[in-house]
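So the sequence shown is numbered by my numbering: it starts at 30 and just counts up by one. From the three backbone atoms N, C-alpha and C, an ideal C-beta is built for every residue, glycine too. Remember, it's a predicted structure, so these values are computed and weren't measured experimentally. Written out below as structure tokens is the structure these notes cover.
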Amino acid sequence: MPYIALARTRLAVPRSMFAALPYFALLLVALALPLAGQEYWTVIATRAAIYWVLVSGLNLVVGFAGQLAIGYVALLTLGAYTASVLVERAGVHPFLALAAAAVVGAMAGVVVGLPALRLRTFYFAMTTLGFATIVTQVALAWTGVTGGGIGVPGPSLAAPFDTAQGFYLLCIALAAACTWMTLNAANSRFGRSLVAIRDAEVAAEACGVAKARLLMLVFLFSGALAGIAGGLFATLQSYITPDAFTFDLSVLFFIAILIGGRGSVLGPLLATLLLTALPEFAAPLVAWSTFLYAALLLVIVLLVPGGIADVLDFRSRRALPSGRAVVPRIQLLPALLSYGVSRDDLTLRGIALSFGAVRAIDGLDLDLRPGEVHGLIGPNGSGKTTTLNAICGFAVPQSGTVRIGGTTLPLGAAPRRAAAGIGRTFQTPRIVGEASVIDNVMIGGTILGRATLIETLLTLPRHRREEAALRDRAMTALRLVGLEALAAIRADRLQHSELRFVEIARALMPTPRFLLLDEPAAGLSAIEIERLGQLVVAISRQGTGVLLVEHHADLIFAVCDRVTVLNLGQTLASGTPAEIQAHRDVVEAYLGR
Ligand code: ADP
Ligand code: MG
30 MPYIALARTR LAVPRSMFAA LPYFALLLVA LALPLAGQEY WTVIATRAAI
80 YWVLVSGLNL VVGFAGQLAI GYVALLTLGA YTASVLVERA GVHPFLALAA
130 AAVVGAMAGV VVGLPALRLR TFYFAMTTLG FATIVTQVAL AWTGVTGGGI
180 GVPGPSLAAP FDTAQGFYLL CIALAAACTW MTLNAANSRF GRSLVAIRDA
230 EVAAEACGVA KARLLMLVFL FSGALAGIAG GLFATLQSYI TPDAFTFDLS
280 VLFFIAILIG GRGSVLGPLL ATLLLTALPE FAAPLVAWST FLYAALLLVI
330 VLLVPGGIAD VLDFRSRRAL PSGRAVVPRI QLLPALLSYG VSRDDLTLRG
380 IALSFGAVRA IDGLDLDLRP GEVHGLIGPN GSGKTTTLNA ICGFAVPQSG
430 TVRIGGTTLP LGAAPRRAAA GIGRTFQTPR IVGEASVIDN VMIGGTILGR
480 ATLIETLLTL PRHRREEAAL RDRAMTALRL VGLEALAAIR ADRLQHSELR
530 FVEIARALMP TPRFLLLDEP AAGLSAIEIE RLGQLVVAIS RQGTGVLLVE
580 HHADLIFAVC DRVTVLNLGQ TLASGTPAEI QAHRDVVEAY LGR
């Protein structure tokens, strides 16, 4: 064991240093620009740095969480006017004014973000555009404060930031800080949860990700960065009017993320530099910049849908070993699952759930006991998945109760189920394809984290400790299911059967008291089904109550302690495997013998 731990730390250092190389290279180039006497390019680079301050935060919203916020120029406008007006009209110190711009931006970020909780895709995109229009109109109309169409001088900073070089270095420092913070966020439970919301929302909720709270936090943070960017933008422009905040800017911010690649920090950073510099290479093209962006976007979407980040992702092009076999290591279970003394049952009483006229479940009683495997079988459409959804809070029964011991679980409220001790897998695996296998498993441990977003952004000790512990635990879970060799591989490169085991590893992360498996053997080979059966039994003997939905009757009768047979949403029979196999109705209706 000590040897393995040592080997891992030795590996970890060069790899993270390797990942940091491009950022340091960029920083070096940035610092060399003014030294090389490149005054013109220093101004362009100042603008790129300011844009990146905004885009780095927006990247968490768009690239990670997948929210189509296209009107972010509104927050830049608000930040610019807040800083300028405070300095010009109230004599506030420029740095205080920048802080105020951050606060206004953060609040506006939440306002822009609220609709995202109800609206999806382009409906949400339209609201952000609407917000941008309103902000520009207000800036035009509120002449007493904003100067209307005449505008207002931007804040001028005191020495040493009053020169082009000094201001440039300030912007570079802020851009570097933003890069560092968003990288920290990306490699944390926050970043992983955001991507999970984007690509596997239901699985994210089953893992305890509270979407609303998380999105609001991220809108708050990205809004604050956009506000600061606005203040810097006003300083750079030295005079702002509503015309300065064109829709082109919004397009640039948004497209930088698409071109850069979703779920990457380096990609959008490079794309921001590219898009800022692009029109400068050919002055006559400036008027065509929107057209250029659109053309570039089209080319990227057609040729490399994953964006710049995908081009730079060399690791994913290496071939995976073929002929892989999933061999669980059951002896590792005690290292992962250890329980207190709780011996509470999970009980369903009188659950009834209809979809319109379809009675998916019709007065169901069910008892799951810790330490047992309970089989749930029945023909297609008999209500098995719906039963799981009722337990997990994804479907809200019209009547009935779900209890663990003496505690009644609230109906619905799926994100609270993980904390209540319920884990599950899905009939079709719900995995974040673009994330690595180990990241997918770590999503399962989301509720174990305590560090706040601020601690994460600054990688304070509690965050680092939790992150290391979570990674260790996820590695143990992967070793348990026999997939540790694939930990760093993008999950969408795995075979279907491997994904089933990844889901089990993910579900085990928070030590569930009850584990619900929805047809885990579907698509597995005979030998894999056998290993799955052994794993399921071992998990239950560790103290977890397992509910196993399955079509493979052999597996059910081999591993279950008790079996419930559903038909048309009602219990047809319930008992030990022997009783069920002898049950006349079951044999006639279901087993077909
Ligand atoms: P099983 O998992 O046993 O195959 P399900 O629980 O998925 O069955 O479905 C039970 C019944 O409920 C089926 O008739 C199905 O068509 C219906 N049903 C399930 N989910 C929905 C839904 N979201 N909307 C409408 N009907 C649904
Ligand atoms: Mg089903």
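The DSSP-derived three-state label of D391 is strand.
Note that the C-beta distance between A550 and L509 is not below 8 Å.
Per DSSP, the unbroken beta strand (DSSP E) holding L375 starts and ends at L375 to F384.
Annotation: A285 to E579 spans about 46 Å, alpha carbon to alpha carbon. Residue environment: A520 is assigned as buried (16 or more neighbouring CB atoms within 10 Å of its CB, all protein chains considered). Under a 10 Å Cβ-count criterion, P123 is classified as buried, with 16 or more other Cβ atoms of the shown protein chains found around its own Cβ. In the structure shown, R542 falls within a coil segment according to DSSP collapsed to helix, strand and coil. Relative to the Cα of A503, the nearest Cα in the group P539, R388 and R291 belongs to P539. Linking G120 to G108 through their CA atoms gives a straight-line distance of about 17 Å.
At a threshold of 7 Å, T593 does not count as near the ligand MG, since its beta carbon sits no closer than that to any of the ligand's heavy atoms.
For R445, there is no enclosing beta strand (DSSP E), as DSSP marks it with neither H nor E. Look at Q456: its beta carbon is less than 7 Å from one of the heavy atoms in the ligand MG.
Within the chosen limit of 7 Å, the ligand MG does not reach the beta carbon of T416 with any heavy atom. Distances from the CB of A389 to the heavy atoms of the ligand ADP include at least one below 7 Å. If you ignore the 5 residues before and after A204, its C-beta comes within less than 7 Å of the C-beta of A78, W81 and V82, all in its own chain and listed in chain order. Spatial neighbours of A449 in its own chain (CB-CB distance under 7 Å, excluding positions within 5 residues in sequence) are listed in chain order as I433 and L438. Membership of L576 in the beta strand (DSSP E) is indicated by the continuous run G574 to V578.
P63 sits buried, since 16 or more C-beta atoms from the chains shown fall within 10 Å of its C-beta. Under DSSP, H403 forms a beta bridge with L576 and R591. Cβ contact annotation for T430 (same chain, cutoff 6 Å, sequence separation greater than five): R378 and T437, in chain order.
Remark: the C-beta of K413 is in contact range of the ligand MG, defined as less than 7 Å to any heavy atom. Here H525 is exposed. Its C-beta has fewer than 16 other C-beta atoms within 10 Å.
Between V402 and D590, the alpha-carbon positions lie close to 5 Å from each other. Shortest gap from the CB of F423 to any heavy atom of the ligand ADP: 7 Å or more. For V140, no beta strand (DSSP E) encloses it; the enclosing alpha helix (DSSP H) starts and ends at P123 to G142.
In the three-state scheme derived from DSSP, where H, G and I count as helix and E and B as strand, A602 is classed as strand. The C-alpha of L331 is placed about 32 Å away from the C-alpha of F250. Residue V84 holds the alpha-carbon nearest to the alpha-carbon of G252 among A536, L577 and V84. In this structure the region 290-310 does not lie against the region 136-151, because fewer than three pairs of beta carbons, one per stretch, are closer than 8 Å. For D547, the pairing in a beta bridge is given by DSSP as V578. For the pair of segments examined, the region 236-243 was found to touch the region 443-463: the number of CB pairs separated by less than 8 Å reaches three. The beta carbon of L127 sits closer than 7 Å to those of A112, I257 and G260, all from its chain and outside the five residues before and after it, given in chain order. Counting C-beta pairs closer than 8 Å gives three or more between the region 263-281 and the region 177-191, which meets the contact rule.
Not one heavy atom of the ligand ADP lies closer than 7 Å to the C-beta of G336. Restricted to the region 240-308, the alpha helix (DSSP H) segments that are unbroken, complete and at least 4 residues in length are 240-266, 276-289 and 295-306, listed in chain order.
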